[in-house]
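Visitor: Numbering of the sequence shown is given in my numbering, commencing with residue 2 and proceeding in unit increments.
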Amino acid sequence: MALDLGPLDSHVGYLLRRAQLAVFAEIGTAFAEHRVSPADYAVLTVIDRNPGAGQSQVAETLGIQKTNFVPLIRRMEARGLVRRTPSQRDRRSVALSLTGEGATLLATLHAAAQDHVDRVRAHVGQDRYDSLLEPLQQLATIMRA
């Protein structure tokens, strides 16, 4: 028998967290064989789309604390996925880019992520999936401001 959640059922934050846990568990399984987490995938994607972006910029964009971001980038660099170089604009800053190996892995991860999106769409239906995106994007933008 399921426990009574009381008002939690109507709290957006609680429901978003539950949904996030379910989604991350599934996609995490798909990424595990590549030794990549959903956060790693997000970082690789942002670096790929913004080559030369600074570490702080990428961390801030993804809402990752600097103390967590630096070890994550060091792991990726040690695996040969990411390259850190002094920034052309500000020598005190570090610019990030993907290596060839990082780009190859990211292409594989994009395919796994798309399979995941397709499974979620199949579960909830295309219309419902599409109707979820805009309010979630708006909420993320509003809450970041």
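Glycine is no exception: its CB is placed at the ideal position from the N, C-alpha and C atoms.
Taking only runs that begin and end inside the segment 27-90, name each unbroken alpha helix (DSSP H) of 4 or more residues, in chain order.
Guide: Within the segment 27-90, the complete alpha helix (DSSP H) runs of at least 4 residues are 39-50, 56-63, 67-79.
Visitor: Answer yes if the segment 42-57 comes into contact with the segment 84-103, meaning at least three C-beta pairs across the two stretches below 8 Å, and no otherwise.
Guide: Output reads yes: the segment 42-57 touches the segment 84-103.
Visitor: May I ask you to list the residues that DSSP assigns as paired with Ala96?
Guide: DSSP, once it has assigned bridges, lists Gly55, Thr86 as partnering Ala96.
Visitor: Near Asp116, which residues of its chain fall below 8 Å by C-beta distance, leaving aside the five closest residues on each side in sequence?
Guide: Answer for Asp116: Ala31, listed in chain order.
Visitor: Relative to the C-alpha of Leu99, which candidate in Leu134, Tyr42, Ala23, Gln66 has its C-alpha closest?
Guide: Nearest option by C-alpha distance: Tyr42.
Visitor: Under 8 Å, do Ile74 and Arg84 count as touching if we go by C-beta distance?
Guide: Contact: no.
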